[in-house]
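Read left to right, the sequence shown gives residues 610 to 1183 (our numbering). The C-beta atom is built at its ideal place from N, Cα and C for all residues, glycine as well. Here is the structure we will look at.
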Amino acid sequence: MLRWGLIGILVVVVALADWHAGGIVPRLFFGTATLNLTSAPDGARVFLDGEVVGETPLHAKRVLPGEMVLRMEHRFHDAVARRVQSSRGEVIDVHIEFPPSTGSLEIVTNPRGAEITVGGARIDAVTPVLLAPHPTGSFDVTTWIHGRERKTETVDVLPRQNTEVSFDLERVPLAEIYLTPTPRDAELEIGGEPYKPGMTLAVGTHDLRARREGYAPVDRTIDFTRGRNDHAISLVRQRGSLSLAVSPDHAKVRVSYPDADGWRPYEEDMVIPTGRVTVRATAAGYRAYERRLTIGLSTLKHAIRLEAYDVQPGRQFRDKLASGGTGPLLVVIGTGSFRMGSVDGSPDERPVRTVVVAKPFAIGVFETTREEYREYRAAKGWAEAVSEPLHPEDPPMSEALLRLPMSRLSWENGQDYVSWLSEETGYRYRLPTEAEWEYVARAGSTGDYYFGTDPAVFCAHGNVADRSYAIRFRKPETADCTDGGTRWVGVGSFPPNAFGVHDMLGNVEEWVADCWRDDYRNAPNDQRARSGHCQTHVLRGGAWDSSPHEATVSYRSFSNRGSGTRGVRVVRDL
């Protein structure tokens, strides 16, 4: 009985001691409070009532219940303190965010003028430099001068303190670098810097980077020694293949890519360098197809289906103009082929060749009239530019005068006019190519004139230098007939040719798109123009002052300016 009484007394004593002492055996009896302490940044020293108890993060720290002073100190920040109230068995989480602090950082080098990075960030200044204010913390400071060693040191910037760091940058031996890349236009970098012939770098190992579209990249290191270093850098061409399914199967397919030096005929499963490739397919009676593709290392499969032209040769139409009214009267010209030039003509009409017109188009039924050109200038807000009257007694704006072909036009005037028509209609207007012009002028014929071979009947088909012209201007070799005019006549005054086009011979010479060349050597066998940078362009068809042999379907002339014998006829793409 006594023993059980002593045990009871002992329990009471332990409980009282636990209550007053803050937990002699906390797990068994009343317990203490628990603190979980964190900070940003970590690593702060933790003080409880002035006593160091650890560093953050500090978890499951048991403390006596009641009020205490918590203080955290971090070398890069001002100390933070707060009071914490706890109860027995309570778990308290405390997180301290240290406010930003600043100091200053002074960087000095010998010699002066070094470039700097601090914490990996480039400083827009050279040494010596004072960075103030500067965030506190630990930073890697790197300095360098070309031709001297690069040095890095870790420094601590403390609150409200100036930290100074100095570097002695010793000279280093330099390598002079010359690289010869293949291909020559490859982009080269050494040590992260663009390569320049003769550039110098510190002797040692540097990273080389070489790139060129369509080639396998090169990344390697090169050891450079003192003095001149010559290295050849070769990139390997990457190749893939192109497989085309073409409809119709008789279409002509060509490909072009940077290494091709022009257009090449397509071959089945053609091996092609990787990168950009342009594919073009054409067939008579179909719209041309052109697409830019990208070749990879594998086979690129691509389907081409040409769209047949839905045209009616001989159909006439006009396009509406955005500014009001309608454009020139046009007639649709179908596809076909013809022999261009003349074996009996002048040397510039040779060599004779077969030209294929695979793309239909529409052409002006008449030469551009003064009325049409007046409307163009009015829409532009320009002054009228109407040539002199046909007869002195004609009023300036007579109907007869407005039906005359517009003359005194340069090639550039013609280009401006067709550009305006394109803007007004939304369709592409242009000057005819020389091949298109002769194709229309011949209209299926094979002689010197679309109406036959006898110049004596010219006056029934066109306005050229005739008997009345010879009397007034005394020109030899005029037509032995009279066409009713000594200068211009109204468009459509003579019958059309088999394609429904008027005045292809005589009245005014017509500018075409082509640059002048004095023969047909190397001329295309299709309807494309021979263009380029040139001072003179081709004129076709002869004019009111031309002799019959100067107004054949194959006769060619050239100039670089307008005159009273020169006008235009427009073409519109379909």
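Sub-7 Å separation of P969 and V1049 beta-carbons: Not a contact, by the Cβ cut-off of 7 Å.
Whole runs of the beta strand (DSSP E) within the stretch 650-737, excluding any shorter than 3 residues: With a minimum length of 3 residues, the continuous beta strand (DSSP E) runs that stay inside the stretch 650-737 are 654-657, 660-664, 667-672, 675-683, 686-695, 700-706, 711-719 and 724-727.
S1031 - containing alpha helix (DSSP H), residue span: Run containing S1031: W1020 to T1034, per the alpha helix (DSSP H) assignment.
Contact check, I732 vs V774, beta carbons under 7 Å: Going by C-beta atoms, I732 is not nearer than 7 Å to V774.
At least 3 beta-carbon pairs within less than 8 Å: the stretch 944-953 vs the stretch 1110-1122: Flag = no, the stretch 944-953 and the stretch 1110-1122 do not touch.
G1176 and L1018 closer than 7 Å at C-beta: A distance below 7 Å separates the beta carbons of G1176 and L1018.
Beta-bridge partners of D1135, as assigned by DSSP: For D1135, DSSP records a beta bridge to V965.
Beta-carbon spacing of L1030, G1099 below 7 Å: The answer is no: Cβ separation not under 7 Å.
Given 8 Å, three or more beta-carbon pairs between the stretch 1088-1102 and the stretch 1127-1140: No, they do not touch.
Pairwise C-alpha distance: A669 and V634: Annotation note: pLDDT 45 at V634 (below 50); position unreliable, no value reported.
Residues bridged to H1146 (per DSSP): Partner(s): C1124 and S1168.
Every unbroken beta strand (DSSP E) within the stretch 843-898, with a cutoff of 3 residues, ordered by chain: Complete beta strand (DSSP E) runs here, min 3: 848-856, 861-865, 872-874, 879-882 and 884-891.
Stretch pair the stretch 886-903 + the stretch 911-920: three plus CB contacts closer than 8 Å: Touching, yes.
Strand pairing of I972, partner residues [DSSP]: Per DSSP, the beta-bridge partners of I972 are V940 and V1180.
Three-pair Cβ contact test at 8 Å for the stretch 749-767 versus the stretch 713-728: Between the stretch 749-767 and the stretch 713-728 there are three or more C-beta pairs closer than 8 Å, enough to call the two in contact.
Per-residue DSSP class, three states only, for P803: It is a strand residue.
Three-state secondary structure assigned by DSSP to A784: It is a strand residue.
DSSP three-state assignment for F1067, whether helix, strand or coil: In the structure shown, F1067 sits in a helix (DSSP, three-state: H, G or I).
CB contact flag (S710, M681, <7 Å): M681 is positioned such that its CB atom lies no closer than 7 Å to that of S710.
Through-space distance from R846 to I904, alpha-carbon basis: Each residue's CA atom was taken as its position, placing I904 and R846 some 13 Å apart.
Integer Cβ distance of A819 from V812, believed to fall under 8 Å: Not a contact, Cβ separation roughly 21 Å.
Top-ranked residue by Cα proximity to E877, from R863, D1063, G801 and N1072: It is R863 whose Cα lies nearest to the Cα of E877.
Close beta carbons around P792, own chain, < 8 Å, minus the five adjacent residues each side: Excluding sequence neighbours, P792 sits near R821, Y824 and L844.
Closest Cα partner of G1141 within the set G894, S1155 and D1123: Considering only G894, S1155 and D1123, the residue with the shortest C-alpha distance to G1141 is D1123.
Range of the contiguous beta strand (DSSP E) that encloses W753: Counting along the chain, the beta strand (DSSP E) containing W753 begins and ends at G746 to W753.
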